[in-house]
Amino acid sequence: MIKVVVIGVGNCASSLAQGIHFYNHNRAPFGLMHAQIGGFQPGDIQIVGAIDVDHRKVGKDLAVALKSEPNCTEIFAELPDFGFNVVKGPVLDGVAEHMKQRFVVDDAQKVVNVEDYLRESGADFAICYLPVGSDEAAKFYADAAIKAGVGFINAIPVFICSTPEWDERFAKAGLVCAGDDIKSQFGATFLNRLLVEHMIERGFSIDDLYQLNVGGNTDFENMIDESRLSSKRISKTSAVKTLFNEFNSEKEPCLRIGPSDFVPHLKDTKICYINVRGKQFGNVPFELELKLTVHDSPNSAGVMIDVIRMLKVAKDRGMKGTVQPVSSYGFKHPAINETETDVRKHLEEFLVG
C-alpha cells in the first residue's frame, strides 16, 4: 500500500478519495492515464490521515468531511467510513480575509502537533491541498514533513519542490518530493501548451495569446484576492512562456494567462477560453478561439493518482529530493519546464527504470 495524508479536505481531496475507491472497484482503465505504475494500481493508495481548519470538517470521519460544505465537487463514488477523523491544523495564512465566512474556523478546537501526526500516521507522503496563496502554511507543512520523515507532494502554486533550497533539504533528509502546482489531466494549461508547442513546430508565429479561466468553487473564490494570486499567475504563465525559449522562438508574444473570475453557480465546473493570434505561411494572419468546460477537481485527481504512484516508485528506488520526471509530468511549475514531447520521453525513461 501507498499511504498518504491529505492537508486540506476540499474538492480535490474529495475527487482523489473517490477516484481511489472507484478504481479499486472498477478495474477498467477508462479515465486513467496509467492503469499500473511500477505494479501499483489506484486502489493501492490508502489515505491514512487528513488535516483541515474548517469546524464542519474537523472531528468528522473523513468520508463525512469530504461531503461537507463548502465542498461542491461531483460525487461519483460513495465512500465508506475511513475509520479516522479529520484533525485541525494551524491556520497561519491558509484562510484569506475575504474567505473567513467560507472557511469557518472554531478557535476552541485543538490544533494537532503536525510533525507528530505525520510521523505517527506511517504515511509515505503528505499531499498539500491548501488554498492558493497559503505561502507560510505550505512551507510549514513541508518543514513538518521533513522533520517527520515523510515525502511531500505540493499541489499548490507555492514554490517549494521547484526550488534548490527545498530540493536540498528533502534530499538531505533522504526523502522524495514533487511539485509545484498540480496540472489537470486535460486542463487549460496542458491544452494551451500543446497548442503552442505544435503551432511553433509547424512554423506558425504567435503574436498574442490569452487564457481566461472562470469557475465556481472555493479555489476561484479564494483567488478573487489578487494578492493571493501572484504565484498562481506566475506558475500558469511560465508553463506556456518557457516553450518559446525551448523552441528558440524569435519573439515572445504578449501573454495573459490565469484565473479571471468567480461565478458561484458554476460550482466545481471550470470554463476556459483560449485565444491565439499570429501569422502562418506567407505571413498571413490566423486566429484560434477555443472553449473547454471540465469538472475541475476530478481533472486534478486524474494526475494526482499517477503522481502518488510514481513518487512511490522513486522512493522504493532510493531516490532523494525533487523527482524531476514526475514534477515535469504532473505540475505546472517544476524546477525544469520542458515541452510536452520531452516530458513524455523522460517520464517513459523513468518508468522503465
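For the sequence shown, position 159 matches number 158 in numbering that gives the first Met the number 0, and the numbering has no gaps at all. Ideal placement from N, C-alpha and C gives every residue a C-beta, glycine not left out. None of these values were measured; they are calculated from a predicted model.
C-beta atoms of residue i and residue j nearer than 8 angstroms
i    : j    : result
I145 : D180 : no
I44  : I19  : yes
G48  : A141 : no
A177 : S326 : yes
G9   : K182 : no
G30  : G301 : yes
K138 : I159 : yes
C11  : S299 : yes
F185 : V149 : no
R227 : V131 : yes
M303 : L65  : no
V175 : V322 : yes
V110 : F102 : no
D134 : D166 : no
For residue j and residue i, the rounded distance between their alpha carbons
i    : j    : result
P297 : G320 : 28 angstroms
E119 : V90  : 21 angstroms
D206 : N274 : 11 angstroms
I74  : T292 : 18 angstroms
K290 : Y272 : 5 angstroms
K331 : S234 : 6 angstroms
V173 : V3   : It should be noted that the sequence gives Gly, not Val, for residue 173. Rounded to whole angstroms, G173 to V3 spans 17 angstroms at the Cα level.
D295 : R308 : 21 angstroms
A34  : Q17  : 16 angstroms
A107 : D51  : 14 angstroms
P252 : K314 : 40 angstroms
T355 : K240 : Since the first residue shown for the chain is 0 and the last is 352, residue 355 is missing from the structure and cannot be characterised.
C71  : S237 : 29 angstroms
I1   : R168 : 23 angstroms
A354 : V5   : With the chain covering 0 to 352 only, the question about residue 354 has no answer from this structure.
D305 : G281 : 43 angstroms
P333 : E114 : 26 angstroms
Q279 : D267 : 37 angstroms
M318 : P79  : 34 angstroms
H345 : I335 : 12 angstroms
Q100 : E347 : 45 angstroms
V312 : I199 : 35 angstroms
G38  : L310 : 13 angstroms
A136 : A143 : 10 angstroms
L194 : E337 : 14 angstroms
L208 : R232 : 14 angstroms
Residue i, DSSP secondary structure in three states
i    : result
L65  : coil
C11  : helix
S367 : Given a span of 0 to 352 for the chain in the structure shown, any question on residue 367 remains unanswerable.
N212 : strand
Q17  : helix
A125 : strand
K290 : strand
A49  : strand
T72  : coil
I335 : coil
S326 : helix
I145 : helix
G257 : strand
S183 : coil
G320 : strand
R232 : helix
N25  : coil
Y314 : In the sequence on display, residue 314 carries Lys and not Tyr. Three-state DSSP puts K314 in a helix.
P263 : helix
D218 : helix
V306 : helix
S204 : strand
A107 : coil
R227 : helix
I199 : helix
D92  : coil
Residue i classed as buried or exposed, judged by whether at least 16 other C-beta atoms fall within 10 angstroms
i    : result
G7   : buried
D105 : exposed
R373 : Because the chain is modelled from 0 through 352, residue 373 falls outside the range shown and cannot be assessed.
A27  : exposed
Q210 : buried
G82  : exposed
M32  : exposed
P258 : buried
E68  : exposed
E225 : exposed
P163 : exposed
With a cut-off of 8 angstroms, do at least 3 Cβ pairs link the region 219-234 to the region 276-288?
no
Would you call the region 204-214 and the region 256-268 touching, i.e. three or more CB-CB distances under 8 angstroms?
yes
Using 8 angstroms as the cut-off, can you tell me whether the region 83-102 makes contact with the region 50-60, which would need three or more C-beta pairs spanning the two stretches below that distance?
yes
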